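Student: Sequence positions in the sequence shown follow the UniProt record's numbering and run 1 to 442.
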Amino acid sequence: MRPFGPFYPARVAVLKEYNVSRHYVTKHEEKYKNLSDLERAKASEALLAKLHTQQTLFTKLNAPRAAAVKTSFLISHKIARNSKPFADGEFVKECMVDSAALICPEKKGAFENIPLSRRTVTRRVEDIAGNLELQLKNRADDFDYFSLALDESCDVRDTAQLLVFLRGITADFTITEELAAMQSMKGTTTGSDLLNEVNACVDKLGLKWDKLAGVTTDGWLSLGKVLKCFWDLREEIREFCMKKGNPIPQLSDADWLSDLGFAVDVTAQMNELNVKLQSKGLFVYEMYSAVKAFMRKLEFLSSQMRENILTHMPTLKEVNPSAEHLKSVNDAPSDVQMELIDLQSDTLLAEKFRSVPLNEFYSSLKEENFPHMRRHAQKILVLFGSTYVCEQTFSVMKFNKSRYRSSMTDDHLSAVLRIVTSDIEPDFNALVQAQERLGFSH
1 MRPFGPFYPA
11 RVAVLKEYNV
21 SRHYVTKHEE
31 KYKNLSDLER
41 AKASEALLAK
51 LHTQQTLFTK
61 LNAPRAAAVK
71 TSFLISHKIA
81 RNSKPFADGE
91 FVKECMVDSA
101 ALICPEKKGA
111 FENIPLSRRT
121 VTRRVEDIAG
131 NLELQLKNRA
141 DDFDYFSLAL
151 DESCDVRDTA
161 QLLVFLRGIT
171 ADFTITEELA
181 AMQSMKGTTT
191 GSDLLNEVNA
201 CVDKLGLKWD
211 KLAGVTTDGW
221 LSLGKVLKCF
231 WDLREEIREF
241 CMKKGNPIPQ
251 LSDADWLSDL
261 GFAVDVTAQM
271 NELNVKLQSK
281 GLFVYEMYSA
291 VKAFMRKLEF
301 LSSQMRENIL
311 THMPTLKEVN
321 PSAEHLKSVN
331 DAPSDVQMEL
341 IDLQSDTLLA
351 EKFRSVPLNE
361 FYSSLKEENF
371 PHMRRHAQKI
381 LVLFGSTYVC
391 EQTFSVMKFN
401 KSRYRSSMTD
411 DHLSAVLRIV
421 TSDIEPDFNA
431 LVQAQERLGF
441 SH
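1. Looking only at its chain, what residues have a beta carbon closer than 7 Å to the beta carbon of Ala101, apart from the 5 residues adjacent to it on each side?
2. What do you get for Lys208, buried or exposed, if any count of 16 or more other CB atoms within 10 angstroms of its CB means buried?
3. Taking 8 Å as the cut-off, does the region 180-199 touch the region 152-164 (at least 3 CB pairs, one atom from each stretch)?
4. Going by the CB atoms, is the gap between Ala80 and Val396 shorter than 8 Å?
5. Closer than 7 Å by C-beta to Arg124: which residues in its own chain qualify, once you throw out the five before and the five after it? Chain order, please.
6. In angstroms with no decimal places, state the Cα-to-Cα distance between Glu177 and Phe146.
7. Just how far apart, CA to CA, sit Lys401 and Pro85?
8. How many whole angstroms separate the CB atoms of Phe165 and Cys390, which I take to be in contact at a CB cut-off of 8 Å?
9. With contact counted as at least three CB pairs below 8 Å, one residue from each stretch, are the region 371-387 and the region 135-152 in contact?
10. How about Trp231 and Thr315: do their beta carbons lie closer than 8 Å?
11. Please go through the same chain and pick out, in chain order, the residues whose beta-carbon is closer than 6 Å to the beta-carbon of Phe399, but skip the five residues on each side of it.
12. Just verifying my parser: in three-state terms, what is the DSSP assignment at Met397?
13. Report back the beta-carbon spacing between Thr122 and Asp144 to the nearest angstrom; my notes put them in contact at under 8 Å.
14. Below 8 Å, can you find three or more Cβ-Cβ pairs linking the region 412-429 to the region 125-136?
15. When burial is assigned at 16 or more other CB atoms within 10 Å of the CB, is Arg374 buried or exposed?
16. Go ahead and label Ile103 buried or exposed: buried means 16 or more other beta carbons lie within 10 angstroms of its beta carbon, across all protein chains shown.
17. Hey, Leu132 and Gly89: beta-carbon distance below 8 Å or not?
18. Rounded to the nearest angstrom, how far is the Cβ of Arg167 from that of Val382, given a contact under 8 Å?
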């Protein structure tokens with residue numbers, strides 16, 4: 001720290017009493033030693049006014065530079081968000097300068113000072129992506145529950161890219177859905193490799209695994225047989241884990257087994273539809289008929305399950321689920337049952353349930369009155385319905401890293417994808433303030 005004030009327009013090297021005293025004696029004592037107290041006060045006021053004028057002038061001179069840097073960030077953000085090459089910044093600047101020369105010639109210099117070279121735009125995109133990631137991490141601290149959507153695909157250079165999307169929900173039922181990470185996998189892509197990458201992503205965001213509500217991946221339509229094999233071996237798996245000292249309590253839980261049996265049967269039906277739709281030589285009307293038939297089957301199965309008829313659900317039938325799983329909410333577990341009674345008896349809440357979105361309705365429930373229902377609703381609302389968000393992002397990835405831009409690095413690709421997919425607004429003021437020097441590179 002260096003002293004700076006009305007008596008020290010030149011900065012003193014080290015803040016020590018000796019140095020300050022020596023500076024005053026050598027530079028100012030002769031001028032001020034014979035002044036009276038009143039004259040000293042007036043001299044101090046004059047020097048302070050001069051210092052204030054200098055500082056104000058510096059601020060005014062600095063403001064256009066800060067505005068130019070902020071403009072650079074704004075334009076770089078639009079370049080990345082619209083999947084344009086970083087070098088387009090120079091073209092945009094050229095257009096602005098030519099336009100300013102015709103519309104407002106006196107402002108042409110301000111446009112010429114906006115840094116938009118390819119290298120500058122690249123740095124701006126990196127900084128913006130870092131700011132978005134920081135904001136996401138701050139939001140993640142408030143998540144009550146979160147879920148993940150995962151998918152993997154190769155870019156134009158055959159590098160496997162794993163996309164991890166995060167969906168989190170807070171106590172007030174605010175939902176955030178953002179790209180958590182794009183992980184480039186240079187080696188193998190085994191299940192263990194994918195798990196390690198997801199672990200690294202979750203740890204980087206500071207998320208706790210006990211808050212995980214669900215994971216959505218692609219390929220489940222082709223895993224019907226895998227689920228069936230697991231079902232057939234469930235007893236052997238349970239006994240093996242118990243012998244190894246790592247019991248799996250869910251394999252002895254009737255509720256969980258009922259859910260698993262239901263998943264086996266429904267996934268088998270979906271797998272059958274998937275196979276039909278992939279057959280060669282199909283006309284569109286035939287595919288449409290297959291989908292319509294599947295929808296009618298689901299409606300039929302739903303009506304049968306409401307009556308506890310499981311003729312077409314053989315796996316679920318093995319569990320012999322009790323009526324509490326299939327009939328009425330009146331037979332729900334006791335902790336939820338009491339809350340359901342309170343809810344059904346409240347006419348105002350019943351009316352609100354019919355008139356507002358679900359997340360808004362559950363958010364309005366008081367924590368002290370409906371704690372279990374709120375938690376259950378959070379876990380359901382935070383789930384991803386599919387990996388469609390990943391598929392959309394892969395389309396953006398292939399557009400950005402095409403054969404014409406194959407030299408784009410993985411880090412820059414990740415930054416662009418984060419900017420394109422993000423619903424968070426970058427903190428441009430913080431980005432400008434973070435610049436140590438407002439220097440210009442063109």
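Where a beta carbon is used, it is the ideal one built from N, C-alpha and C, also for glycine. Computed from a predicted model, the values in this text were never measured in an experiment.
Tutor: The relevant details are as follows:
1. Taking the sequence shown and counting its residues from 1, the one referred to as residue 101 is at position 101. Closer than 7 Å at the Cβ level, and outside the excluded window around Ala101, lie Lys108.
2. Walking along the sequence shown from the start, residue 208 turns up at place 208. Under the 10 Å beta carbon count, Lys208 is surrounded by fewer than 16 other beta carbons and is classified as exposed.
3. Cβ pair count under 8 Å is three or more, so yes.
4. Stepping through the sequence shown from its first residue, residue 396 is reached at position 396. Stepping through the sequence shown from its first residue, residue 80 is reached at position 80. Going by C-beta atoms, Val396 is not nearer than 8 Å to Ala80.
5. Taking the first residue of the sequence shown as position 1, residue 124 is located at position 124. So the qualifying residues of the chain are Ser72, Phe73 and Ser76.
6. On the sequence shown, residue 177 is found 177 positions in, with the first residue counted as 1. On the sequence shown, residue 146 is found 146 positions in, with the first residue counted as 1. Distance between the alpha carbons of Glu177 and Phe146: 10 Å.
7. In the sequence shown, counting from the first residue as 1, residue 401 sits at position 401. In the sequence shown, counting from the first residue as 1, residue 85 sits at position 85. Approximately 10 Å between the Cα atoms of the pair.
8. Here residue 165 refers to the residue found at position 165 of the sequence shown. Here residue 390 refers to the residue found at position 390 of the sequence shown. Contact flag correct, Cβ pair sits at about 6 Å.
9. These segments touch.
10. Here residue 231 refers to the residue found at position 231 when the sequence shown is read from its first residue. Here residue 315 refers to the residue found at position 315 when the sequence shown is read from its first residue. For Trp231 and Thr315, yes; Cβs fall inside 8 Å.
11. Within the sequence shown, residue 399 is the residue found at index 399, counting from 1. Ser83.
12. Taking the first residue of the sequence shown as position 1, residue 397 is located at position 397. In this structure, Met397 counts as helix in the three-state DSSP scheme.
13. What you label residue 122 is simply residue 122 of the sequence shown in a count that begins at 1. What you label residue 144 is simply residue 144 of the sequence shown in a count that begins at 1. The beta-carbon distance between Thr122 and Asp144, rounded to whole angstroms, is 38 Å. This is too long to meet the 8 Å contact definition.
14. Contact between the region 412-429 and the region 125-136 is present, with at least three C-beta pairs closer than 8 Å.
15. As a working note, residue 374 is residue 374 in the sequence shown. With 16 or more Cβ atoms within 10 Å of its Cβ, Arg374 is classed as buried.
16. Residue numbering aside, residue 103 sits at position 103 when the sequence shown is read from its first letter. So Ile103 ends up on the exposed side.
17. In the sequence shown, residue 132 corresponds to position 132, counting from 1. In the sequence shown, residue 89 corresponds to position 89, counting from 1. In this structure, Leu132 sits away from Gly89, with a CB-CB distance that is not shorter than 8 Å.
18. For the purposes of this step, residue 167 is identified with residue 167 of the sequence shown, where counting begins at 1. For the purposes of this step, residue 382 is identified with residue 382 of the sequence shown, where counting begins at 1. Correct: roughly 5 Å between the Cβ atoms.
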